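Here the structure comes first, spelled out in structure tokens, and everything after it is commentary.
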Amino acid sequence: MSRATMRVPRPAPGELLVAVDACGVCRTDLHVSAGDLPVHRPSVVPGHEVVGHVLELGDGVTRFRPGDRVGVAWLRETCGHCRFCLSGAENLCPGSRYTGWDADGGYADCTTVRADFAYTLPDGYSPAELAPLLCAGIIGYRALRRAELPAGGRLGVYGFGASAHLTAQVALARGATVHVFTRSPRARELALDLGAASAGDARDAPPEPLDAAVLFAPAGGLVPVALRALERGGTLAVAGIHLTEIPPLDYDRDLFQERTLRSVTSNTRTDGRELLAFAAEHRLRVSVTPYPMARAAAALTDLAADRVDGAAVLLP
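Under full-length UniProt numbering, think of the first position of the sequence shown as 1, with each following residue one higher.
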């Protein structure tokens, strides 16, 4: 269905109807559209980094008012009563549903969101700058937590797109030394400009052993590369929702001496609130490549070909 013929959705009880002011283009959208992820809803409208303003309130909503600026992110809803939800790990809820995968997202004029899953956004950022924070920023923030970077530690960042360039700034603001590994010369320039201590090719050895690393590139072949770059006791967190095949690991070289390999699954709302609070206190430089909403397909194509600097953002 084209945008011209789509009907404006109605907010269900507890939901907000949101007019889209900007929507980030995430690699997960690419995985959904390319079939790398299983189909949850045929012909779903992608987009889960949505900045907008409230048009209408569903029954029972008291937290927001029409006109309020809000953010809509990947995690759309959870059951709220399983053992994962009750223990603070709602990102692992078996009944979780996702914006732009289970329900129509922000590549449209309007979308809906449960009020308790909508984010209040920090001041001082444009809609285009805020949009990437709502997935790239949040997932990178969780990945950094999963990597257990010690205070003042040495972090390796593999891949340097929308999520990585935000995560690196969080680590730098906390006193870390950051080494970036990416095949893109432009991304290496951006990394150094943001304060990285070094920026090399994706398979280069780091100038010093790493205390922690985050793999953002969806390339399983980089897992052993990153593991071998770790200091004893270091942790590698894999941030993507999809990864190409990981080659066989050599236990002695890749994992021995208590190196740890961890995955990252979605995020909790606590992750989102903490990242946005951090962005309110520390002005992040959000590198944005804008596209008109009508060129969403071109934005996805450019993202797949690594032609996007920073984050692609659709603007209506």
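The C-beta atom is built at its ideal place from N, Cα and C for all residues, glycine as well. Note that the structure is a prediction, hence the values are computed from the model and not measured.
In the three-state reduction of the DSSP assignment, G272 falls in the helix class, which pools H, G and I. If you compare the alpha carbons of N91, A199, G24 and G52 with that of F160, the shortest gap goes to A199.
The three-state reading of DSSP puts T301 in helix, counting H, G and I together. Looking from the CA of Y158, the closest CA among G106, L227, A151 and T120 belongs to L227. By the Cβ criterion, the stretch 22-36 is in contact with the stretch 46-60, since at least three pairs of Cβ atoms, one from each stretch, lie closer than 8 Å.
The three-state secondary structure of G240, taken from DSSP, is coil. A128 places its beta carbon less than 7 Å from that of P290. The alpha-carbon of Y107 is positioned some 45 Å away from that of R253.
Nearest C-alpha to G156 among E231, L17 and Y125: E231. Closest option to G272, judged by alpha-carbon separation, among G95, G137, V61 and A131: G137.
When the beta-carbon positions are compared, F181 and A202 come within less than 7 Å of each other.
Setting aside the 5 residues that flank it on each side, S96 is surrounded in the same chain by T78, each with a C-beta closer than 6 Å to its C-beta; the list follows chain order. Per the DSSP secondary-structure output, T235 pairs in a beta bridge with A212 and T260. Listed in chain order, the non-local C-beta contacts of T167 below 6 Å within the same chain comprise G140 and L144, local neighbours out to five positions each way being set aside. Bridge partners of F181 according to DSSP: Y158 and G200. In the structure shown, the three-state DSSP call for Y107 is coil. L192 is classed as exposed because its beta carbon has fewer than 16 other beta carbons within 10 Å across all chains shown.
Boundaries of the beta strand (DSSP E) around E15: E15 to V25. At a Cβ-Cβ threshold of 7 Å, P9 and G58 do not count as neighbours. Here the C-alpha atom of Y125 lies approximately 46 Å from the C-alpha atom of D250. Taking C-beta atoms as the reference points, V214 and A187 fail to come closer than 7 Å.
The beta carbons of L149 and A176 sit closer together than 7 Å. The Cβ atoms of V45 and D116 lie no closer than 7 Å to each other. Per DSSP, G140 is one residue of the alpha helix (DSSP H) stretching across A136 to A147. In the three-state reduction of the DSSP assignment, H282 falls in the coil class, being assigned neither a helical nor a strand state. Here P218 really is in contact with R27; their C-beta atoms are around 7 Å apart, less than 8 Å. Cα atoms of H81 and N91: separation of roughly 13 Å, rounded to the nearest angstrom.
In the three-state scheme derived from DSSP, where H, G and I count as helix and E and B as strand, V70 is classed as strand. Between G14 and G60 a beta carbon distance of about 5 Å is seen, short of the 8 Å cut, so the two are scored as contacting. Ranked by how close their Cα comes to the Cα of H31, the residues A205, V170, H242 and T265 have H242 in first place. Taken atom to atom, the span from the alpha-carbon of R307 to that of Y98 is near 27 Å. Around the CB of H40, fewer than 16 other CB atoms lie within 10 Å, so the residue is classed as exposed.
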